[in-house]
Amino acid sequence: MIIKHYEQEIIRAKSVRGYAKKQTQRKIDHYKFIDLFAGIGGFRLGFESNYSKCIFTSEWDKYSQKTYQANFDSDIFGDINELDANELEDFHILLGGFPCQPFSKIGLREGFKHKTQGNLFFNIVEILSKKKPVSFVLENVTGLLTHKTNGDSTIDLMAEVLSELGYEVNIGTLNASDFGLPQIRRRVFLVGFNKKYFSEPTNFKFPKKIRKIKYINEILEKGIEGYGITKHLQNTYMFKKNDRKPFIVDETSKKFATTLVSSYHKIQRLTGTFVRDGSTGLRLLTENECKELMGYPRNFIFPVSRTQMYRQLGNAVAVPVVKKLSVEVYRVLDKVFKVK
Ligand SMILES: C[S@@+](CC[C@H](N)C(=O)[O-])C[C@H]1O[C@@H](n2cnc3c(N)ncnc32)[C@H](O)[C@@H]1O
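Following this line, the structure appears as structure tokens:
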């Protein structure tokens, strides 16, 4: 049974099962985490520090692997379906932004029934059940919150499954614009703690929004060439009559960009953000601007095509959001572990 508590977009789901009685502080060298559905390593950028390290990465897309390897010195395991969880070294945290297509509002909304991807949540469940790490952090699109599986709330089903495994499950929605990024990007996070390690409820809190607000006009580059949208495309497609208009910004726009999506390169006229600039009068966001939208460092390398760069960043987690989240997760883990 799940107890629900709705507070500032945060749902907490906790099993009614009792918590372990004993709590001891164990000395460790590092917090070890695994990075599943790793994409370009957004979760890793947020969770890695000098007291934590990534010990395993899984990502099957060859272009994402290329970007990941250009930025992190790591071997990458491919298809998670091929993984034997028993072979994994022990770790403390499982991180995974599992593929969102089955739950996305624009996607097929087939959830668990999705032929190739609906079951990936259960790959996570299998690893949790075999390895029983202290914690997990999962990420998905907010469409998951309203998605139904055979009439039942999919997220409640997930929380129930995770709860059954012995985890306290916390569910919350975080928006990148609340964490100093000039982009509206709401994502749902499931944060779990293995009750075996805690003598009482963890009192985990999702990070609070920061004071600093950044708008899109603050990150626009000047003198950009090569990102222009042709006049022809503008006339025949971008500005169709009797239709909603695309979201266009310039250096005066004290606004947040719309969510960067993986198909941005297709010039999604009604969902993308475009810049009034350049020789044709309108252009796409540049690589550096997209990095700023997502909180990736300027020196993050994309050794792939521009299409892949948009796709990879559009699929990624916003780094400052997961960085703040990591602080809260480590705060809970510190109650049990002491990093030497
Ligand atoms: C929503 S993205 C996660 C992005 C990541 N959080 C980041 O910051 O870049 C989901 C990722 O799961 C990967 N994926 C999908 N199915 C997979 C599988 N069977 N094995 C390994 N990776 C898979 C996709 O290629 C995609 O990169």
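No gaps in the numbering here: position 274 of the sequence shown is 275 in my numbering, and each next residue is one more.
Glycine included, every Cβ here is placed at the ideal spot set by N, Cα and C.
Beta-carbon proximity list for residue i, same chain, < 6 angstroms, skipping 5 on both sides
i, result
"Ile249", "Phe275, Arg277"
"Phe338", "Arg27, Ile29"
"Gln247", "Gln is not the amino acid found at residue 247; the sequence shown has Pro there. Counting only Cβ-Cβ distances below 6 angstroms, and skipping sequence neighbours, we find Met239, Arg270, Phe275."
"Lys336", "none"
"Arg45", "Asp36, Cys55"
Sequence-distant residues of the same chain with beta carbon closer than 8 angstroms to residue i, five excluded per side
i, result
"Ser75", "Cys55, Thr58, Tyr69"
"Ala86", "Glu127, Ile128, Lys131, Lys132"
"Tyr168", "Ser16, Leu129, Phe137, Gly193, Phe194, Asn195, Lys196"
"Ile214", "Ser178, Gly181"
"Thr281", "Gly229, Ile230, Thr231, Lys232, Gln235"
"Phe92", "Lys33, Phe34, Ile35, Ile56, Phe57, Lys132, Pro134"
"Arg38", "Note on residue identity: the sequence assigns Phe, not Arg, to residue 38. These residues qualify, in order along the chain: Ser59, Glu60, Ile81, Gly97, Gly98, Phe99, Pro100, Leu121."
Span of the beta strand (DSSP E) around residue i
i, result
"Gly181", "From DSSP, Gly181 is part of no beta strand (DSSP E); its letter is neither H nor E."
"Glu140", "136-142"
"Asp36", "32-37"
"Thr58", "53-58"
"Lys28", "27-29"
"Thr274", "274-276"
"Ile94", "94-97"
"Lys336", "From DSSP, Lys336 is part of no beta strand (DSSP E); its letter is neither H nor E."
"Val250", "248-250"
Close Cβ partners of residue i (< 7 angstroms) along its chain, the five nearest in sequence each way excluded
i, result
"Lys255", "Tyr216, Asn218"
"Ile225", "Asp278, Gly279, Arg284, Thr287"
"Phe65", "Note that residue 65 is Ser in the sequence shown here, rather than Phe. If we look at Ser65 and ignore the five residues flanking it on each side, its Cβ neighbours are Gly40, Ile41, Gln313."
"Thr260", "Gln184, Ile185, Arg186"
Check whether residue i and residue j have beta carbons under 7 angstroms apart
i, j, result
"Ile342", "Gly98", "With the chain covering only 2 through 341, there is no way to say anything about residue 342."
"Thr203", "Val340", "no"
"Pro298", "Lys67", "no"
"Phe257", "Pro183", "yes"
"Thr143", "Arg187", "yes"
"Glu329", "Pro134", "no"
"Phe205", "Asn171", "yes"
"Val262", "Gly43", "no"
"His31", "Ser50", "no"
Extent of the continuous alpha helix (DSSP H) run through residue i
i, result
"Thr287", "That residue, Thr287, is in no alpha helix (DSSP H); it is neither H nor E in DSSP."
"Val162", "155-165"
"Glu127", "121-132"
Cβ-Cβ separation, residue j to residue i (assumed contact under 8 angstroms), whole Å
i, j, result
"Met295", "Leu314", "5 angstroms"
"Leu146", "Val189", "6 angstroms"
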